[in-house]
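Engineer: Here you go, one structure.
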Amino acid sequence: VGSRNLFETDALDPEIIKRFDNHFTYRVINENYYAESEPEDSCHLRRILRWYRDFFGDASDEASILLPIGALRALRRLTSFSCGRALVLSGDKGNNNHEQFRGLNDPHVAVHGSFSVMVNYHAIGLYCTSRSGFVLHDPQEEASLKVSVLVFTNQEDAVLATFQPSTMGHQS
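Residue numbers (UniProt numbering): 1 to 172.
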């Protein structure tokens with residue numbers, strides 16, 4: 001990520017955002033990719049990565065997936081304040097249908113005085129489901145604003161013993 005210019009005379013110039021340039025690299029990761037960096041959520045992140053691997057299958061069915069690690073950390077912290085229970089209503093530009101990740105495509109970066117990428121509401125829903133909650137996604141595929149409701153129930157211990165990856169499907 002950086003400017004298209006080789007050298008910027010003023011690193012604080014707000015016009016640099018207009019010259020924003022990024023280059024993405026793709027790599028295959030395994031389901032334990034976040035085990036060390038996210039120990040509190042490693043089992044949930046492992047389940048999410050396994051779900052995508054199982055859904056997209058072999059290398060001939062490639063996918064580009066951004067995991068919203070910052071959002072998942074925030075949800076973990078939020079639910080820690082409420083004994084594991086929470087109802088979260090979230091709306092933003094994003095994707096909630098896993099089919100939208102099919103193929104190797106650079107993420108859409110919106111530049112608007114700052115920059116942002118689309119929220120992966122599908123992965124956030126998988127995280128909620130992995131934690132024994134449930135999720136309702138707005139079913140409107142063409143909507144510019146996606147809205148999701150996440151319900152964390154604090155029933156994680158009961159669910160962990162019987163958890164099946166197939167229970168983490170897309171819900172609308």
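Cβ coordinates follow ideal geometry from the N, Cα and C atoms, glycine included.
In this structure, does DSSP put F134 in helix, strand or coil?
Structural biologist: By 1-based counting over the sequence shown, the position of residue 134 is 134. Here F134 sits in strand by DSSP.
Engineer: Compare the Cα-Cα distances from L136 to each of R76, G91 and G113 and report the closest residue.
Structural biologist: What you label residue 136 is simply residue 136 of the sequence shown in a count that begins at 1. The shortest Cα separation from L136 among R76, G91 and G113 belongs to G91.
Engineer: Give the single residue among E142, G125, E141 and A143 whose Cα lies nearest to the Cα of F152.
Structural biologist: For the purposes of this step, residue 152 is taken as residue 152 along the sequence shown, with counting starting at 1. Comparing Cα positions, the closest option is G125.
Engineer: Kindly give me the distance between the Cβ atoms of G94 and N120, rounded to whole angstroms, as I take these residues to be in contact under 8 Å.
Structural biologist: Position 94 of the sequence shown holds residue 94. Position 120 of the sequence shown holds residue 120. Rounded, the Cβ-Cβ distance is 7 Å, consistent with contact.
Engineer: How is A143 classed by DSSP in three states: helix, strand or coil?
Structural biologist: Here residue 143 corresponds to residue number 143 of the sequence shown, with the count starting at 1. Three-state result, A143: coil.
Engineer: For the beta strand (DSSP E) that G91 lies in, which residues bound it at each end?
Structural biologist: Position 91 of the sequence shown, counting from 1, holds the residue named residue 91. R85 to D92 is the extent of the beta strand (DSSP E) around G91.
Engineer: Could you give the first and the last residue of the continuous alpha helix (DSSP H) run that contains F81?
Structural biologist: Stepping through the sequence shown from its first residue, residue 81 is reached at position 81. From DSSP, the alpha helix (DSSP H) with F81 extends over I69 to F81.
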